[in-house]
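First residue of the sequence shown: 4, per this note's numbering; consecutive thereafter. By construction, the Cβ of each residue, glycine as well, lies at the ideal position given by its N, Cα and C atoms. Working notes, structure below.
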Amino acid sequence: LPFLLACARILLGWCLSMDEAHEEALKEVRAAIRTSMSVGARMEAPLFLAILAECLDRAGDPARALEALDEAFAHVGRSRSFFYVSELYRMSADLLFARGDLDTARTALEQARTIAQEQESPLFASRVAQSMERVAAQTA
4 LPFLLACARI LLGWCLSMDE AHEEALKEVR AAIRTSMSVG ARMEAPLFLA ILAECLDRAG
64 DPARALEALD EAFAHVGRSR SFFYVSELYR MSADLLFARG DLDTARTALE QARTIAQEQE
124 SPLFASRVAQ SMERVAAQTA
């Protein structure tokens, strides 16, 4: 039951973030991550931390968003949570691009594309393509 509550709070936090209730959103997402970790549900940590990063970015804190993604990458190596790695790279690239780190952003997008192709994931491949198009359009 605690893990299901954590899942519900993650979704609530994400929805609050979309509605620009950033403080409450971050409170819910962080509480959900703590609950999930406390019950040993670490497989979803990269996904949950990616949601935290998205909420932090929306709240205007891209530096902390990148820190959350770094933590998500660290969890990938310790668990079986490989399905979300392409999205972690894509999200990192978007944040890096926004702060002007074009070369690192492009490298991250290439990694995201490679992983999405290897995993045969059309959803993540599509998201990577959209990010690549945004970068190309804004740097042309």
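TODO: Find out if the Cβ-Cβ distance for the pair residue 27, residue 14 is shorter than 7 Å.
DONE: Residue mapping note: residue 27 aligns to position 24 of the sequence shown, counting from 1. Residue mapping note: residue 14 aligns to position 11 of the sequence shown, counting from 1. Not a contact, by the Cβ cut-off of 7 Å.
Task: As assigned by DSSP and simplified to three states, the class of residue 66 - done: Taking the first residue of the sequence shown as 1, we reach residue 66 at position 63. Note: residue 66 maps to helix in three-state DSSP.
Task: Local conformation of residue 6 per DSSP, three classes - done: In the sequence shown, counting from the first residue as 1, residue 6 sits at position 3. Note: residue 6 maps to helix in three-state DSSP.
Task: Three-state class that DSSP yields for residue 122 in the structure shown - done: Start at 1 with the first residue of the sequence shown, and residue 122 comes out as number 119. Three-state DSSP puts residue 122 in coil, outside helix and strand.
TODO: Identify, in the order they occur along the chain, each residue of the same chain with its Cβ nearer than 8 Å to the Cβ of residue 17, setting aside the five sequence neighbours on each side.
DONE: Counting from one through the sequence shown, the residue named residue 17 turns up at place 14. Once the five neighbours on either side are set aside, the close Cβ partners of residue 17 are 28, 32, 54, 57, 58.
Open item on the list: So for residue 92, helix, strand or coil by DSSP?
Closed with: On the sequence shown, position 89 is the one that residue 92 refers to. If DSSP states are grouped into helix, strand and coil, residue 92 belongs with the helices.
Open item on the list: In this structure, how does DSSP classify residue 76 when only helix, strand and coil are distinguished?
Closed with: The sequence position of residue 76 within the sequence shown is 73, counting from 1. Of the three classes helix, strand and coil, the one that applies to residue 76 here is helix, per DSSP.
Open item on the list: Tell me the DSSP secondary structure of residue 42 in three-state form.
Closed with: Taking the sequence shown and counting its residues from 1, the one referred to as residue 42 is at position 39. DSSP places residue 42 in coil when its eight states are reduced to three.
TODO: Report the residue from 37, 95, 51 whose alpha carbon sits nearest the alpha carbon of residue 65.
DONE: Position 62 of the sequence shown, counting from 1, holds the residue named residue 65. Closest option to residue 65, Cα to Cα, is 95.
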